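**Q**
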Amino acid sequence: MDHPIAVIDFGSQYTQLIVRRIRELGYFSRLYQPSELRETGSPAAVILSGGPRSTLEPGAPEIDFDYLVELGVPVLGVCYGMQLLNRKFGGEVAPGNTREYGPATLMIEAGVDSIFNGLKGHSQIWMSHSDTVSVLPGGCQITGRNLDGIPVALKWNDLFYGIQFHPEVSHTKEGSEILKNFLSLAKDLPPFKIASFKDELIERVQTEVAGRKVVCGVSGGVDSSVLAALLHEAGVDTRNIFVDTGLLRLNEAAEVQAIFEEVGIAIETVDASERFLSALAGVTDPEEKRRIIGRIFVEVFFDAVGSDVELLAQGTLYPDVIESATSGSIASTIKTHHNRVDQIMQLKKEGRVIEPLDNLFKDEVRELGRVLGLPERVVGRHPFPGPGLAVRCPGEVTPEKIEIIQKADKIYIDLLRERHWYDSVWQAYAALIPTKTVGVKGDERSYEYALSIRAVTSEDAMTAEWVHLPYELLGEISNRILNEVPGVNRVLYDISTKPPASIEWE
Ligand code: XMP
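Residues in the sequence shown are numbered from 15 upward in steps of one, following our numbering.
(1) Among residues of its own chain, excluding the 5 on either side of E269, which ones have a beta-carbon nearer than 8 Å to its beta-carbon?
(2) Quick one: complete beta strand (DSSP E) runs, 3+ long, within the region 101 to 144?
(3) Can you name, in chain order, every residue of its own chain whose Cβ lies under 6 Å from the Cβ of A242, other than the five neighbours on each side?
(4) Could you say which of G383, V166, S128 and L199 lies nearest to D145 if we only look at CA atoms?
(5) Tell me which same chain residues have a C-beta within less than 6 Å of the C-beta of I509, skipping the five on either side of it?
(6) Assuming D258 is part of the beta strand (DSSP E), what are its boundary residues?
(7) What alpha helix (DSSP H) runs, 4 residues minimum, are completely inside the region 48 to 100?
(8) Is it a yes or a no for the region 48 to 68 touching the region 128 to 141, going by three-plus beta-carbon pairs under 8 Å?
(9) Look at the alpha carbon of P399 and the alpha carbon of V405, and state the distance between them as a whole number of angstroms.
(10) Quick one: is the Cβ of E518 within less than 6 Å of any heavy atom of the ligand XMP?
(11) Within a Cβ cutoff of 8 Å, which residues of the same chain sit near S436, ignoring the five residues on either side of it in sequence?
(12) Let's test the definition: count the other Cβ atoms within 10 Å of the Cβ of G342 and tell me whether it reaches 16, buried, or not, exposed.
(13) Using a threshold of 7 Å, state whether the C-beta atoms of G383 and T298 are closer than that.
(14) Under 6 Å Cβ to Cβ from S460, same chain only, skipping five residues before and after it: list those, please.
(15) Which runs of the alpha helix (DSSP H) spanning at least 4 residues fall entirely within the region 392 to 468, listed in chain order?
(16) Relative to the C-alpha of D322, which candidate in L361, V149, K207 and T471 has its C-alpha closest?
(17) With a threshold of 6 Å (Cβ to nearest heavy atom), would A327 be considered close to the ligand XMP?
(18) Can you give me the C-alpha to C-alpha distance between V21 and L62, rounded to a whole angstrom?
(19) Which class does P18 belong to by DSSP, given the choice of helix, strand or coil?
(20) Quick check: does the Cβ of G65 come within less than 6 Å of any heavy atom belonging to the ligand XMP?
(21) At a cut-off of 6 Å, is G400 close to the ligand XMP when judged by its beta-carbon and the heavy atoms of the ligand?
(22) By DSSP's criteria, F174 is part of a beta bridge. Which residues make up the other side?
(23) Taking 7 Å as the limit between beta carbons, can you name the residues of its chain near E266, skipping five residues before and five after?
(24) For R113 versus T69, is the C-beta spacing smaller than 7 Å?
(25) Are the CB atoms of A445 and S466 nearer to each other than 7 Å?
(26) What is the DSSP secondary structure of D322, counted as helix, strand or coil?
(27) Hey, is Q441 close to the ligand XMP, as in C-beta under 6 Å from one of its heavy atoms?
(28) Look up N493 in the DSSP assignment and say whether it is helix, strand or coil.
(29) Shorter than 6 Å, the distance from the beta carbon of P397 to the closest heavy atom of the ligand XMP, or not?
(30) Indicate the three-state DSSP secondary structure (helix, strand or coil) for A280 in the structure shown.
(31) Can G176 and M121 be called in contact, C-beta distance under 7 Å?
(32) Is A475 near the ligand XMP, with its Cβ less than 6 Å from a heavy atom?
(33) Assign N160 to one of two classes, buried (16 or more other C-beta atoms within 10 Å of its C-beta) or exposed (fewer than that).
(34) Are the CB atoms of L99 and C110 within a distance shorter than 7 Å?
(35) Tell whether a beta-carbon distance below 7 Å holds between V312 and V367.
(36) Let's see if you can read the secondary structure: which residues bound the beta strand (DSSP E) around L506?
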């Protein structure tokens with residue numbers, strides 16, 4: 015897409031949220047590394063993100079400032095980005111003694127034309143920094159201060175702006191307004207509408223595929239279903255393979271088959287549950303479980319398609335691409351296990367993997383699915399991890415435990431749907447706690463498993479809040495599970511946020 019709004023990533027954990035907010039405003043935005051500034055083409059605007067380092071540290075990330083000025087487009091520096099710009103313009107930054115983290119108040123400077131036009135005199139913002147600007151270069155105007163009078167928003171000239179706070183996090187109440195004001199300074203803003211993006215994607219797929227045969231792994235989840243529908247719409251000759259790992263939700267294989275039939279896309283189901291479950295017997299280490307599942311999945315998949323794969327289509331999303339590029343993130347080890355195996359890496363090297371959804375966020379993929387005519391019960395589905403229920407079964411995975419999780423999860427999810435909670439929750443599931451405790455069933459002492467149920471809201475799984483489900487509903491879920499699922503005598507509701515917990519139990 016021409017003229018993207020280029021977000022330059024200095025490593026803040028919030029950077030991809032900037033991209034997301036801009037797309038929510040209806041414009042196309044992409045993330046670039048600082049060294050890729052020249053690869054942004056002719057961006058409509060540039061945003062320099064925050065970052066964990068200090069601009070004063072030797073080796074701290076830099077930007078080609080001359081080129082940035084040469085571009086002649088509006089530039090917004092956020093946090094680290096603002097400090098870097100201040101130094102580039104000839105000002106100074108002082109190291110902070112403490113880190114300012116959390117909510118703060120922005121006092122907007124009256125009478126200065128700025129990206130806060132239209133906002134009231136003060137606004138709630140979110141800070142996360144230690145260094146602050148200390149000396150302002152000539153010509154620089156202060157456009158906002160914090161309650162202590164320290165400058166937290168600057169304007170160096172009519173194109174270059176800086177803010178110390180994060181407009182992209184939801185705690186900055188008028189963050190989207192501020193971004194919108196900033197973008198209104200740009201010319202040729204690239205519109206982002208999923209319906210027209212779909213046509214572009216179809217063209218891209220047709221060009222990349224160039225008449226070759228494609229294989230695609232489908233799981234019944236949102237991403238792979240949308241991918242299969244996109245390939246179908248693009249008229250690509252595709253074999254869709256569905257591997258039943260035995261670690262799926264209750265009746266999932268039959269449901270996936272039925273859904274694809276309904277939308278007229280053929281899939282081939284391979285039942286490999288025995289193979290997965292026997293390979294997992296006796297294994298308790300979570301990473302080892304993941305490795306086994308990843309290995310067998312690929313073996314089964316390639317057994318089914320044969321070795322003459324011309325092209326492999328994968329439903330990799332934008333956050334996965336970004337996370338894989340961020341070394342050391344837990345998510346990158348989690349998410350890449352299917353993609354990292356030798357066979358796929360080899361295909362990638364040979365240019366035989368296509369990832370048409372790699373520019374999209376989950377919500378956008380859902381929207382694309384709707385535009386492609388997929389039913390709501392597919393596009394609205396909660397995310398489901400690749401290794402399936404194995405990550406919801408800490409310790410050894412056994413068929414007995416999987417059956418317990420499946421039954422409890424079905425009761426839980428059906429009730430969430432019935433009571434209209436399902437769609438306002440990012441993800442919900444039941445996990446088995448691998449400890450038996452004493453209880454009483456009938457007149458007898460029982461010694462059975464405890465189950466955890468979890469429901470979270472989230473933005474692309476980076477952080478998560480637990481959902482305040484009504485006590486009555488929790489009570490009903492618990493009663494039904496305790497009455498209907500043999501082997502369980504306790505139900506617990508997980509009230510952990512991410513971080514420090516993760517969404518899944520492992
Ligand atoms: P965590 O537990 O790390 O999960 O907070 C974040 C999100 O990722 C999903 N998840 C996976 N998705 N393959 C996937 O495609 C995986 O191996 C995997 N492990 C976790 C998890 O369900 C949540 O939505």
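Glycine residues also receive a C-beta, built at the ideal position from the N, C-alpha and C atoms. Here the structure is a predicted model, which means the values were calculated and not measured.
**A** Reading from the atomic positions:
(1) Cβ within range, chain order: G234.
(2) Here the runs fully enclosed are 106 to 108, 114 to 122 and 136 to 143.
(3) For A242, where only same-chain residues beyond five positions count, the Cβ hits under 6 Å are C230, V232, N254 and I279.
(4) Nearest in C-alpha terms to D145, of all of G383, V166, S128 and L199, is V166.
(5) Excluding sequence neighbours, I509 sits near W480.
(6) Where D258 is concerned, the enclosing beta strand (DSSP E) stretches over T252 to D258.
(7) Annotation note: the region 48 to 100 contains the following uninterrupted alpha helix (DSSP H) runs of length 4 or greater, listed N- to C-terminal: 79 to 85.
(8) Contact between the region 48 to 68 and the region 128 to 141 is absent, because fewer than three Cβ pairs lie under 8 Å.
(9) The alpha-carbon separation between P399 and V405 amounts to approximately 8 Å.
(10) For the ligand XMP, at least one heavy atom lies less than 6 Å from the Cβ of E518.
(11) Here the sequence assigns Tyr to residue 436, which means Ser is not the residue at that position. Answer for Y436: G394, H396, I427, L430 and A442, listed in chain order.
(12) Legend: pLDDT at G342 = 36, less than 50; position of this residue unreliable, value from coordinates given subsequently. Exposed, because fewer than 16 other Cβ atoms sit within 10 Å of the Cβ of G342.
(13) Cβ distance not < 7 Å, so G383 and T298 don't count as in contact.
(14) Around S460: G453 and N503.
(15) If we require 4 residues or more, the alpha helix (DSSP H) runs fully inside the region 392 to 468 come out as 413 to 432.
(16) Measuring from the Cα of D322, the nearest candidate turns out to be L361.
(17) The ligand XMP has no heavy atom closer than 6 Å to the beta-carbon of A327.
(18) Distance from the CA of V21 to the CA of L62, rounded to the nearest whole angstrom, comes to 6 Å.
(19) Here DSSP, grouped into helix, strand and coil, assigns P18 to coil.
(20) Relative to the ligand XMP, the beta carbon of G65 is positioned no closer than 6 Å to any heavy atom.
(21) Flag set: Cβ of G400 near the ligand XMP.
(22) For F174, the pairing in a beta bridge is given by DSSP as V89.
(23) Around E266: G234.
(24) Not a contact, by the Cβ cut-off of 7 Å.
(25) In contact: A445 and S466 (Cβ atoms closer than 7 Å).
(26) Residue state, collapsed to three classes: coil.
(27) Q441 Cβ: within cutoff of the ligand XMP.
(28) The answer is helix: DSSP assigns N493 an H, G or I state.
(29) The beta carbon of P397 sits closer than 6 Å to at least one heavy atom of the ligand XMP.
(30) Note: A280 maps to coil in three-state DSSP.
(31) Judged by their CB atoms, G176 and M121 are not nearer to each other than the 7 Å cut-off.
(32) Yes, the Cβ of A475 comes within 6 Å of a heavy atom of the ligand XMP.
(33) Burial of N160 is indicated by the presence of at least 16 other C-beta atoms within 10 angstroms of its C-beta.
(34) The sequence shown places Gly at residue 110, not Cys. Cβ atoms of G110 and L99: not closer than 7 Å.
(35) No.
(36) Residues V502 to Y507.
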